[in-house]
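Chemist:
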Amino acid sequence: MRAVNLLPPEEAQRSAARRRRVGYLFLMALYIGALALGYLFFAGRADQAEENLATQQAKNQTIRDDIARLASADTMRNEYRARADDVSQILATDVSWGRLLNDLARLIPDRVWLTSLTASASVSETNPGAFGQVTMAGTAFDYPDAASWLRTLDSDRWPAIGAAWVNSTAVETVAGGIEAVNFSSIGNLTDSAVSRRIDERIPEVPQ
3 MRAVNLLPPE EAQRSAARRR RVGYLFLMAL YIGALALGYL FFAGRADQAE
53 ENLATQQAKN QTIRDDIARL ASADTMRNEY RARADDVSQI LATDVSWGRL
103 LNDLARLIPD RVWLTSLTAS ASVSETNPGA FGQVTMAGTA FDYPDAASWL
153 RTLDSDRWPA IGAAWVNSTA VETVAGGIEA VNFSSIGNLT DSAVSRRIDE
203 RIPEVPQ
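Note that the sequence shown covers residues 3 to 209 in the working numbering.
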């Protein structure tokens with residue numbers, strides 16, 4: 003059955019206009035609600051960013067305070083390193099004489115005995131590998147025994163001495179009624195003779 007509209011046309015137009023107004027108001031309310039939610043969201047993020055900035059600024063200030071407080075420690079470290087370098091230069095030729103003489107007593111051949119020993123420690127600009135020189139005078143029963151002593155000096159059994167030789171003053175003599183040979187030998191102190199005490203006495207300062 004066909005519906006019959008008994009209302010006048012003006013009333014239908016007014017009703018349609020009211021529906022449109024209600025729709026516009028609803029859309030406007032949605033828009034305002036979206037704006038409010040967006041404002042609250044970004045306002046919260048701004049507040050969090052401000053808190054993070056304040057926290058970071060406080061940390062930065064703490065670091066600056068620590069740097070200012072430790073400035074004197076950096077000066078002390080530099081002074082320590084300078085003094086350590088001075089000590090290292092002073093002890094660059096610190097020879098371990100106890101170890102050197104102990105090896106000498108252990109390695110001297112049975113048919114050779116020493117009568118004198120003179121040693122000095124120094125750095126040679128012409129021979130950087132030499133840290134000093136040792137001159138030893140002694141007596142051997144014969145020339146082969148003196149040669150045996152020279153081979154001992156040049157062997158790896160006594161690394162503290164290098165470039166050793168018996169000079170031309172080796173002469174025959176008589177000791178206690180026995181024919182013998184007096185000789186004089188010279189050798190360079192090598193890096194193995196250095197004590198290395200500086201490496202143990204001066205600790206490294208961390209950065």
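Cβ coordinates follow ideal geometry from the N, Cα and C atoms, glycine included.
Given residue 122, which residues of its chain have a CB within under 7 Å of its CB, disregarding the five upstream and five downstream residues?
Modeler: 134 and 135
Chemist: With burial defined as no fewer than 16 other Cβ atoms inside 10 Å of the residue's Cβ, what is the status of residue 99: buried or exposed?
Modeler: exposed
Chemist: Taking the CB atoms as reference points, tell me whether residue 114 and residue 147 lie closer together than 7 Å.
Modeler: yes
Chemist: Which residue's Cα is closest to the Cα of residue 154: 175, 78, 41 and 112?
Modeler: 112
Chemist: On the DSSP bridge list, what partners appear for residue 184?
Modeler: 141 and 173
Chemist: Residue 163 bridges to which residues according to DSSP?
Modeler: Answer by DSSP bridge pairing, in chain order: 191.
Chemist: With DSSP run on the structure shown, which of helix, strand or coil describes residue 132?
Modeler: coil
Chemist: Taking Cβ to Cβ, would you say residue 192 is nearer than 7 Å to residue 149?
Modeler: no
Chemist: Whole angstroms is fine: what's the gap from residue 97's alpha carbon to residue 197's?
Modeler: Whole-angstrom Cα-Cα distance: 5 Å.
Chemist: Keeping to the same chain, check which residues put their C-beta closer than 7 Å to that of residue 102; ignore five residues upstream and five downstream.
Modeler: 162 and 195
Chemist: Use the C-beta contact count for residue 173: other C-beta atoms within 10 angstroms, 16 or more gives buried, fewer gives exposed.
Modeler: exposed
Chemist: Is it the case that the Cβ atoms of residue 124 and residue 77 are separated by a distance below 7 Å?
Modeler: no
Chemist: Quick one: Cα of residue 189 to Cα of residue 126, how far?
Modeler: The C-alpha of residue 189 lies about 14 Å from the C-alpha of residue 126.
Chemist: What is the C-beta distance between residue 142 and residue 183, in whole angstroms, given that I count them as a contact (C-beta under 8 Å)?
Modeler: 5 Å
Chemist: May I ask you to report which of helix, strand or coil DSSP gives residue 122?
Modeler: strand
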